[in-house]
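Report on the structure given below.
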Amino acid sequence: MEYLLMIYSEENSWNKMTDSERQQGVAAYHAYTESLKKSGALVGANRLQHSNTATTVRLVDGKPQVLDGPFSDSKEQLAGYYLIDVPNLDAAMAWASRCPGAAHGVMEVRPVWTAPYEAPSA
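Per the working numbering, residue 68 is the first one in the sequence shown, and the count goes up by one each step.
Here it is, written out as structure tokens:
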């Protein structure tokens, strides 16, 4: 079953790190990603740009309303994700707990909806 591991962290924490701490962080993520690849669990992954590059779109009276910035205005923002394919939630949580993001932020684990989409009948 596929799970999305979402990494939430304080965006400015990266800027507060020393060069050595940043290098260690990058190395930790590379090692984690390699572990996921070797296990065959990795489906996809990406780091996201800073939330000040986000755009939020919603429909108001059938018309798009576009706002600069993220949907949530909290201290911790979605910083990246891993999409993994593992047997169950316990395995997904085990991978989430090994992610470097768990040490400096919050990991959210969510199953991907795999049921077929049923179109409304006419």
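For glycine and all other residues, C-beta sits at the position ideal for the given N, C-alpha and C.
Output needed for Tyr148: all residues of its chain with C-beta closer than 7 Å, excluding positions within five of it in sequence on either side, in chain order. Here residue 148 refers to the residue found at position 81 of the sequence shown. Counting only Cβ-Cβ distances below 7 Å, and skipping sequence neighbours, we find Leu71, Leu72, Met73, Ile74, Ala112 and Asn113.
8 Å Cβ shell around Ser76 - same chain, five flanking residues per side excluded: By one-based count along the sequence shown, residue 76 stands at place 9. Closer than 8 Å at the Cβ level, and outside the excluded window around Ser76, lie Glu143, Gln144, Ala146, Gly168, His171, Gly172 and Val173.
Please return the same chain residues whose Cβ sits closer than 7 Å to the Cβ of Arg165, not counting the five positions on each side in sequence. Reading the sequence shown from its first residue, position 98 is the one you call residue 165. Excluding sequence neighbours, Arg165 sits near Tyr99.
Are the beta-carbon atoms belonging to Thr122 and Gly136 less than 9 Å from one another? The sequence position of residue 122 within the sequence shown is 55, counting from 1. The sequence position of residue 136 within the sequence shown is 69, counting from 1. The answer is yes: Cβ separation under 9 Å.
May I ask you to report which of helix, strand or coil DSSP gives Asp128? For the purposes of this step, residue 128 is taken as the residue at position 61 of the sequence shown. Correct three-state label for Asp128: coil.
Do the CB positions of Leu156 and Val179 come within less than 9 Å of each other? As a position in the sequence shown, residue 156 is number 89, starting the count at 1. As a position in the sequence shown, residue 179 is number 112, starting the count at 1. Taking 9 Å as the Cβ cut-off, Leu156 and Val179 do not qualify as a contacting pair.
Where Gln90 falls: helix, strand or coil (DSSP): Position 23 of the sequence shown, counting from 1, holds the residue named residue 90. It is helical.
Straight-line gap, Asn79 to Ile151 (C-alpha atoms, nearest Å): Locating residue 79 in the sequence shown gives position 12, where the first residue counts as 1. Locating residue 151 in the sequence shown gives position 84, where the first residue counts as 1. The straight-line gap from Cα to Cα measures roughly 27 Å.
Go to Ser76, then tell me how far its beta strand (DSSP E) extends in each direction, as first and last residue. Within the sequence shown, the letter at position 9 stands for residue 76. Looking at the DSSP string, the run of the beta strand (DSSP E) that includes Ser76 is Glu69 to Glu77.
Based on Cα-Cα distance, which residue from Trp81, Leu103, Lys104 and Ala161 lies nearest to Gln116? For the purposes of this step, residue 116 is identified with residue 49 of the sequence shown, where counting begins at 1. Comparing Cα positions, the closest option is Trp81.
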